[in-house]
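Note that the sequence shown covers residues 221 to 561 in the numbering used here. Note that beta-carbon positions come from the ideal geometry of N, C-alpha and C, so glycine has one too. Computed from a prediction, not measured in an experiment: that's the story for all the values here.
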Amino acid sequence: MLGIATTTAAEEFARRRQSPLQRVQHVLHAHPSISPLIVLVIAFAVFSALNPRFAQPASLSLLLQQVAVIGALAVGQTLIILTAGIDLSVGAVTILAMMVAAKLAEDGGIPGVLAVLVALALGVVAGLLNGALVTRIALPPFIVTLGTLSVFTAIGLLYTSGQSVQADDLPALLNWTGESFGAGRWRITWGVVIVVLLYLGVGFALANTAWGRHVYAVGDDKEAARLAGIRVDRVLLSVYAVAGAIYGLTAWILIGRAGAASPNAITDANLESITAVVIGGTSLFGGRGALLGTLLGALIVGAFRSGLSLAGVDDQYRVLAVGLLVIVAVGVDQWIRRVKA
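Here it is as C-alpha cells:
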C-alpha cells in the first residue's frame with residue numbers, strides 16, 4: 221500500500237511540474253485522434269462559413285461517398301504503418317483485383333458473388349507476396365511495395381489491354397455498392413455502409429484482441445516484441461494479408477462508386493491513403509495510432525477537396541493545403557513522440 225501511495229504522489233508531483241504545453245503533449249500522446257478531430261471541426265466551421273451549401277445534407281452525403289474508397293484503403297494502410305512499414309501498392313492492388321473480377325464477370329460470365337470472392341482472393345495473394353518479401357527476404361517495405369506497385373500495375377494493364385468494363389456489362393452485385401438509400405435528408409450508398417462496418421470490425425480487432433496488441437508491439441519495437449515471445453514475422457505477414465483483403469474489398473466498393481471498372485481509376489490512391497493515415501495521427505514510425513484518427517484524416521482530405529471547390533478556390537490550393545497538413549502532422553507526431561513521463 222505504501223508503495224502505491226508513494227507512486228501516486230510522485231506522479232501527482234510530476235504532473236504539477238508540467239507546463240501547459242507539456243500537458244497538451246501528454247494528452248495528444250495518449251489520445252492521437254484529438255488533433256485530427258480539432259482540424260476537422262475547424263475545417264467544417266470555416267467551409268460552412270465560406271459557403272453554407274457545404275453543411276447541407278446533400279453536400280455531406282456526397283462527401284461521404286467521395287471519401288469511401290480512400291477511407292477503405294486507409295484502413296489497410298493504417299495496419300501496415302502501425303508496424304512501421306508503408307504500402308505504395310495499395311492503388312495497384314485494388315485496380316488489379318477490380319479489373320480481374322470485372323473481366324471474369326464480363327467475358328467469363330461468372331456470377332457476382334464469385335467475382336467479389338476473386339477480388340478478395342487476389343488482394344490477399346498480393347498482400348502475402350508483399351509480406352513474404354518483407355519478412356522472408358528482409359527487404360524494406362518501401363522498396364518492396366514500390367516494386368510491386370509497378371508489377372501489379374503492369375499485370376492489370378496487360379490483362380485488360382487497358383480497356384474499361386462498363387456497369388451495364390457487370391452483374392448487379394458488383395454495382396450494388398454504388399446504390400443509395402435515404403436516411404432522412406441524407407443519401408447513403410451501401411459502399412459507405414461497408415466502409416463503416418470495416419472500420420468497426422478492424423478497430424475492434426486492434427483494440428480488443430491479442431493480434432491487435434501484437435501489431436502495436438511489433439510497430440513499437442520489433443526486437444522487444446520478439447524477446448517477449450511474439451512471432452514478429454507471422455504478425456507482419458498477417459497484417460499484409462489482411463491489408464490485401466481490404467484492398468480487394470475496396471475494389472468492389474470502387475466499382476459501385478465509379479459506375480465502371482477502369483484501369484485508370486484512383487491514380488492518387490497511394491498518396492491519399494498515406495495522407496489520411498498521417499493526418500489522422502498514426503505515427504509513420506509505428507506503434508501509435510488509431511483507426512478513428514484515420515477516418516478523421518480521410519474526412520479532412522475530403523472536406524478540403526469539397527470545401528475549397530465550393531468556395532471557388534483553385535484545386536491546386538487544395539493540394540497545397542493538404543501537403544502543408546501532412547508536414548504539420550508529421551512534425552506534431554515527432555513532438556509527441558518526445559513526451560516524457
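In this structure the segment 273–283 does not touch the segment 316–326; the number of beta carbon pairs closer than 8 angstroms is below three. Between L340 and L516, the CB-CB gap reaches or exceeds 8 angstroms.
With distances taken between CA atoms, A523 lies nearest to V539 out of A510, R508, G509 and V539. Judged by their CB atoms, A481 and S384 are nearer to each other than the 8 angstroms cut-off. Distance check between Y379 and each of Q242, G351 and P483 places P483 closest, using alpha-carbon atoms only. DSSP places V459 within a helical segment (H, G or I) once states are collapsed to three. With a minimum length of 4 residues, the unbroken runs of alpha helix (DSSP H) contained wholly in the segment 306–392 fall at 310–327, 332–355 and 361–380. Burial is judged here by how many other beta carbons sit within 10 angstroms of a residue's own beta carbon; D488 has fewer than 16 and is exposed.
G509 is classed as buried because its beta carbon has at least 16 other beta carbons within 10 Å across all chains shown. Taking a 10 Å sphere around the C-beta of V542, we find 16 or more other C-beta atoms and assign the residue as buried. Fewer than three beta-carbon pairs drawn from the segment 445–454 and the segment 468–476 are found closer than 8 angstroms, and the two stretches are therefore not classed as touching. With a minimum length of 4 residues, there is no unbroken run of alpha helix (DSSP H) contained wholly in the segment 490–523.
For I258, there is no enclosing beta strand (DSSP E); the enclosing alpha helix (DSSP H) covers residues I254 to L270.
Comparing alpha carbon positions, the residue from V266, S255 and P240 closest to L528 is V266.
For the set L469, G513 and D440, the Cα lying nearest the Cα of T397 is the one of L469.
One Cα belongs to A403, the other to T409, and the distance between them is close to 10 angstroms. The three-state reading of DSSP puts R407 in strand, counting E and B together.
Pairing V462 with R273, the inter-Cα distance amounts to about 38 angstroms.
Burial check for G411: the Cβ neighbour count within 10 Å reaches 16 or more, so the residue is buried. Cβ contact annotation for V289 (same chain, cutoff 7 angstroms, sequence separation greater than five): T470, I473, L474, R477 and I486, in chain order. A straight-line Cα-Cα distance of about 42 angstroms links L504 and G328.
For I300, the enclosing alpha helix (DSSP H) has its first and last residue at P277 to L302. CA-CA distance, K442 to T303, rounds to 9 angstroms.
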